[in-house]
Structure formats: C-alpha cells, structure tokens
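Below you'll find the structure, written out as structure tokens, and then a few comments.
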Ligand code: F6R
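Residue numbers (the working numbering): 2 to 616.
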C-alpha cells in the first residue's frame with residue numbers, strides 16, 4: 002500500500018516524480034524516496050516522513066538531475082518506517098534500483114538463499130530481497146533486465162507493482178504487476194509509470210493499465226512491450242484514453258481535500274445518477290445491470306461484501322433492498338467473509354462495494370464468490386480498478402478522485418447507486434407501488450440540492466466542533482436507515498480526530514452503553530422525521546435524564562427534539578429511505594472541524610492509507 006512513480010524521457014525527472022509522489026501520498030505517507038540517474042550515477046535520497054520532508058532533505062543535501070528516475074511514498078509493511086527501509090532500494094552492485102508496492106510473502110526463504118550466495122542486506126524490507134534476486138538472475142543466467150524480472154517474479158509469492166531500472170541500460174524501465182495497481186502513461190518520446198494516472202495527467206491522456214501477472218518493458222524510441230509474467234508471451238496492450246483532468250485532483254481553493262470532497266457531494270451525486278435516473282420517463286437505466294436483471298430477481302439472497310465506510314453503505318442498502326425489492330440481504334465484512342468458509346451458491350448475487358476498487362479483502366471476497374459460482378457485481382469509484390475488472394458486471398459511482406483518506410463523497414455516491422439498483426429491482430418485481438417508485442425517483446433527483454442546503458450549516462457546525470473538540474469520547478446513535486449513518490459518523494470522528502467514538506442503534510443503548518452516559522458525554526443522535534421519530538425521542542429522554550449532552554441531527558422545522566437537545570444540526574426534510582444521504586453531511590463536517598481544531602492531519606491521518614491493498 003504505497004505509491005510509486007517513474008519517468009523516462011527528455012524532461013527533468015525530479016520535479017515530475019516529486020509532484021507525482023505528492024499526488025500519491027494518499028496511498029501511504031510514512032516515508033518517501035527518489036532515485037534519479039544523472040548520466041553516470043544513481044542519485045538516491047530517502048527519508049522517514051512525508052514527501053515534503055524528502056523535498057527538504059534533497060534541497061539541503063543534493064542536486065538531483067537526470068531524465069530517468071523512480072520515486073516511492075511508503076506505507077510500511079515489512080520493517081519500521083525509517084530512512085533505510087524507505088524505497089527505492091539498490092542491488093548489491095549498485096546497478097539496479099527498484100520501487101515496490103505490495104508484499105513479497107516468501108521473502109525470508111529467498112533472502113536465506115541470497116545470503117548463502119554472499120548477498121548483504123541493509124534494510125528489513127522484502128523489496129531489497131527482490132532487487133538482489135533480480136541481480137543474481139542477471140549474473141547467473143546472463144540475461145537482460147526484463148527477462149531477469151520475469152524469472153524472479155515466477156519465484157515470488159505475494160503482491161506487487163514494481164518499477165526497476167539498470168544504470169547500465171538507462172533507456173529502459175521495467176515494470177510488473179500482481180495485485181497492486183500500475184498505470185503507464187504514454188507521452189511523446191517519454192513514458193510515465195505510477196500507481197494511478199494522477200502523477201502524469203497533465204502530460205498525457207493515454208495510458209496502459211497493466212493487468213495482474215503482466216509486466217512491461219518501457220524503452221525510449223519503442224512501443225511498450227507487455228508480456229505475461231508466467232510464460233513470457235507477448236500481450237497486445239490496450240491504450241486507454243483518460244477522462245480525468247488536473248483540476249479534479251487538486252484542492253480547488255479548499256484547505257483540505259476532505260473539505261473539498263464533502264462540498265463536492267451535490268455535484269458528484271448528480272454525476273452518479275446523470276443519464277441513469279430518467280425521472281420524466283419513469284425509468285432507471287444502469288448499463289451494467291440491464292443484462293443481469295434476472296440474476297438479481299431470481300437470487301435467493303444478495304450478499305454485500307465491503308470494508309469500512311463502504312461496508313456502512315452496504316448496511317444502508319440492506320434496509321432499502323429488503324424494504325423495496327423484498328430480496329434477503331446479508332452484509333459482510335469482506336475480511337471475515339473470505340476466511341469463514343461461507344455458504345455461497347449459484348443462486349446468490351454478491352455485491353462488492355469499494356471506492357478504490359483495490360481493497361485486498363474485498364478483492365479476495367470477490368474471487369471467492371466467483372469460485373463458488375455466485376454472480377458478482379461491483380460498485381467501485383476508480384475506473385479500471387482491480388475489483389471493477391474482477392467482477393462480472395457493475396456500476397461506477399462517478400464520484401471523481403477521492404484523495405482525502407477519510408471517505409466522504411464515496412459513501413453518498415455508493416448509496417445513490419444502491420438506491421437506484423434497489424428501486425429498479427423493486428419496480429421490476431412489482432414490490433413497490435408506482436406512486437412510491439415515482440416519488441423516490443423525484444426525491445432522489447432532489448438530493449443534490451438538499452445536500453447543498455445541509456452544507457450551509459457548515460459555520461454553525463464549526464461552532465459546535467469548537468465546544469466539543471477536547472472531549473475524549475463520543476457516542477453516535479441512529480435507528481433504522483440512520484443506524485449505519487451513526488456508525489459512519491463515529492468512524493469519521495475516530496479516524497481523523499483520534500477521539501474515541503462509538504456508533505450504536507439507538508435502542509441498543511440501554512443494553513450497555515447507557516452506563517457511559519454522564520455530564521461529560523456528548524451523544525450525537527440522528528433524530529430526523531421517520532417512523533422511529535417517537536422512539537428516538539424516548540432515547541433522547543433517557544440520555545437527558547442521565548445528564549448526557551445531546552447534539553441532534555434534526556429535520557428543518559423540528560420542534561420536539563429541538564426543545565430537548567443541547568445543540569442541533571438541521572437537514573432538509575427527506576423521505577426516510579433517502580435520509581442517510583443528507584444526515585451524513587453534518588456528521589462529516591463535525592468530524593472535519595474537530596480534527597482541524599485539534600490540528601490533526603485531516604487528509605492523511607496517522608496509521609491510515611487510502612487504499613488498503615494488504616490484508
Ligand atoms: C473510512 C475509509 C475506510 C475505507 C475502507 C474501504 O473513511 O476510508 O474505512 O472505506 O478502507 O475502502 P474501499 O472503499 O476503497 O474498498
């Protein structure tokens with residue numbers, strides 16, 4: 002779970018790689034490093050810390066020049082984050098230099114062999130083993146770099162996206178992929194390599210996304226040569242035209258990506274349903290679903306697999322699928338599902354939800370479900386990601402790049418897609434009345450403006466954040482469709498402010514958590530107009546009578562909860578089934594402001610990374 006960047010061409014490689022690493026820091030940020038070939042030597046600089054620390058170190062210590070280079074931003078798997086374990090890693094001769102995103106699981110046995118053959122190691126990493134294994138093969142087998150990489154990777158167990166070059170062949174970079182993403186940008190007389198297209202998007206719109214078990218030899222003056230790692234056979238590469246632009250991946254005037262992404266939600270929810278939600282015609286058109294409707298209609302059950310925020314979106318879906326489409330739904334943590342020998346049959350439909358499309362556990366769950374014969378449908382944001390390729394079909398969320406590590410717009414756009422699927426299935430099955438179907442179509446179309454309205458409370462929420470920034474614990478309560486929103490609110494606060502928070506179904510409170518309530522304990526209660534309103538009011542009374550502090554998310558115009566709550570955050574009136582799309586907004590803003598006031602690194606919280614490509 003790291004970011005890799007490489008460049009070969011006529012331009013200075015350093016600024017391109019440095020900038021690329023900054024864009025990829027969402028993938029890991031505990032150390033960073035760069036290696037540039039200056040025409041005679043490989044100049045290497047690495048450091049614990051962020052890309053900005055690397056930049057400072059380079060400014061102080063070396064002048065980096067050259068047209069060939071690679072860079073890395075790390076999220077440690079093997080070896081603590083420190084200067085030595087940072088990538089790039091050199092081979093013993095100093096000729097080869099490599100960057101790696103992934104894990105070499107059998108690195109210990111490979112290392113033992115290499116130690117016997119006289120190799121020495123400076124770091125604790127699996128990557129240094131790989132680069133020396135490649136060097137050893139070059140020497141032993143008298144082969145070129147590309148062939149040696151292929152032979153080495155056939156001995157390796159694990160996952161990788163690597164880029165490597167040999168200072169004696171400075172017109173070439175060799176890359177390979179299994180399990181971790183790798184894109185090759187194709188410019189004029191220049192090539193880029195990166196974990197995603199963001200490092201090279203201002204230079205070229207043409208890219209090859211390597212598939213698993215593929216490698217490529219990228220040589221100046223030649224076409225990219227893609228080969229299968231297993232048998233060395235040539236593959237005709239597919240050059241994709243990229244649709245993202247630079248503005249989409251920059252902060253656009255906001256202080257943090259997270260805030261930008263929170264405020265993008267009215268736009269991206271619209272992007273998600275654009276061309277799909279045809280209110281005037283009374284239809285929902287989802288390209289990926291049309292040919293597979295029967296699979297869903299005839300399914301014994303739908304199993305949703307996901308992690309983190311995407312799992313919360315799955316929980317919201319459970320309510321709406323069962324309510325509208327009357328199909329039994331189970332929502333599973335992908336990490337548990339894949340290891341518990343689950344019962345899956347050909348009559349099951351598995352929906353995998355993942356913003357990045359790269360989450361290792363979700364990807365493994367997808368593969369397992371396929372093996373067992375289920376039909377697997379993906380809901381991903383990143384186009385061309387591993388999960389979107391591995392599933393039988395799917396729907397993209399179209400949320401645009403999400404850079405802030407804490408998921409915000411991916412949650413609401415995932416719910417938008419899931420809502421459209423549930424409504425469409427219900428209509429076809431006849432389990433929803435025409436009136437209800439049309440009402441929800443119209444209401445879904447109005448969600449972007451309601452989210453916009455909810456965002457107008459930003460200033461007020463900032464004031465509430467100021468009051469609560471120093472508390473140590475928070476409880477979040479919700480019922481029905483808003484129970485998953487309570488979980489999501491608590492997760493957001495935990496991950497970016499490091500304050501302990503727990504989400505609970507409001508009625509469960511009296512089965513334990515109520516013991517925590519005292520005059521120090523803020524309880525965020527989602528108390529919008531719904532079938533559960535009266536029950537939530539009773540839960541609020543239970544908290545108030547134990548001196549708890551109530552911060553309530555209420556519907557505009559509410560009077561009852563407003564009277565009882567200490568602080569309120571208003572959202573526009575919305576049909577109950579769609580409320581998660583609006584009630585989540587104040588909770589995102591609350592956690593954002595608390596984290597900012599605590600001076601936390603909002604976009605890159607400690608210990609986290611944007612895509613979790615390790616188990
Ligand atoms: C929370 C968060 C994580 C992700 C989880 C799954 O804000 O970002 O919990 O939701 O790692 O990631 P994806 O959706 O990329 O599979």
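Cβ atoms here follow ideal geometry from the backbone N, Cα and C, with glycine treated the same way.
- Residue side-chain check: residue 337 keeps its Cβ at 7 Å or more from all non-hydrogen atoms of the ligand F6R.
- Sequence-distant partners of residue 595 (beyond 5 residues in either direction) whose C-beta falls short of 6 Å from its own C-beta, in its chain, are 466, 470, 498.
- Between the stretch 526-540 and the stretch 408-419, the count of Cβ pairs shorter than 8 Å is below three; the stretches do not touch.
- One alpha carbon belongs to residue 460, the other to residue 566, and they sit about 19 Å apart.
- Here residue 102 is not near residue 158, since their CB atoms are 8 Å or more apart.
- It is roughly 6 Å from the alpha-carbon of residue 38 to the alpha-carbon of residue 67.
- Proximity of the beta carbon of residue 363 to the ligand F6R is indicated: a heavy atom of the ligand is located closer than 7 Å.
- Here the alpha carbon of residue 250 sits roughly 25 Å from the alpha carbon of residue 583.
- The C-alpha of residue 316 lies about 21 Å from the C-alpha of residue 394.
- For residue 193, there is no enclosing alpha helix (DSSP H); the residue is part of the beta strand (DSSP E) that begins and ends at 192-195.
- What you get when you keep residues with a C-beta closer than 5 Å to any heavy atom of the ligand F6R is 308, 309, 310, 311, 355, 356, 357, 360, 407, 408, 613.
- Shortest Cα-Cα distance from residue 509 to any of 545, 16, 489, 479 involves 479.
- The stretch 221-228 and the stretch 260-270 do not touch, with fewer than three beta-carbon pairs separated by less than 8 Å.
- For residue 541, the enclosing alpha helix (DSSP H) has its first and last residue at 534-545.
- Excluding sequence positions up to five before and after residue 215, its CB lies within less than 8 Å of the CB of 177, 178, 227, 228, 229, 230, 236, all in the same chain and listed in chain order.
- Between the beta-carbon of residue 554 and that of residue 528 there is about 7 Å, and that keeps the pair under the 8 Å contact cut.
- Nearest Cα to residue 306 within the set 271, 243, 332, 300: 332.
- Pairing residue 75 with residue 356, the inter-Cα distance amounts to about 20 Å.
- In the displayed model, residue 443 falls within a helix according to three-state DSSP.
- The DSSP-derived three-state label of residue 44 is strand.
- About 5 Å separates the Cβ atoms of residue 92 and residue 132, confirming a contact at the 8 Å cut-off.
- Inter-segment contact for the stretch 341-356 and the stretch 368-384 is present: three or more beta-carbon pairs are separated by less than 8 Å.
- Residue 33 and residue 61 have their alpha carbons spaced roughly 16 Å apart.
- Annotation for residue 501: the continuous beta strand (DSSP E) segment containing it runs 501-506.
- Under the 8 Å Cβ criterion, the stretch 194-212 does not count as touching the stretch 124-141, having fewer than three qualifying pairs.
- If you draw a straight line from the Cα of residue 27 to the Cα of residue 546, it comes to about 44 Å.
- Counting other Cβ atoms within 10 Å of its Cβ, residue 449 reaches 16 or more and is therefore classed as buried.
- Between the beta-carbon of residue 81 and that of residue 165 there is about 24 Å, and that puts the pair past the 8 Å contact cut.
- The three-state reading of DSSP puts residue 171 in coil, since its state is none of H, G, I, E or B.
- In the three-state reduction of the DSSP assignment, residue 21 falls in the helix class, which pools H, G and I.
- In this structure, the beta-carbon distance from residue 286 to residue 275 does not fall below 8 Å.
- Within the stretch 87-122, the runs of alpha helix (DSSP H) at least 4 residues long that lie entirely inside it are, in chain order, 108-117.
- For the set 476, 489, 491, the Cα lying nearest the Cα of residue 513 is the one of 476.
- Residue state for residue 129 is assigned as helix, using DSSP reduced to three classes.
- When C-alpha distances from residue 442 are compared across 359, 211, 423, 152, the shortest belongs to 423.
- A straight line joining the alpha-carbon of residue 363 with that of residue 41 spans about 45 Å.
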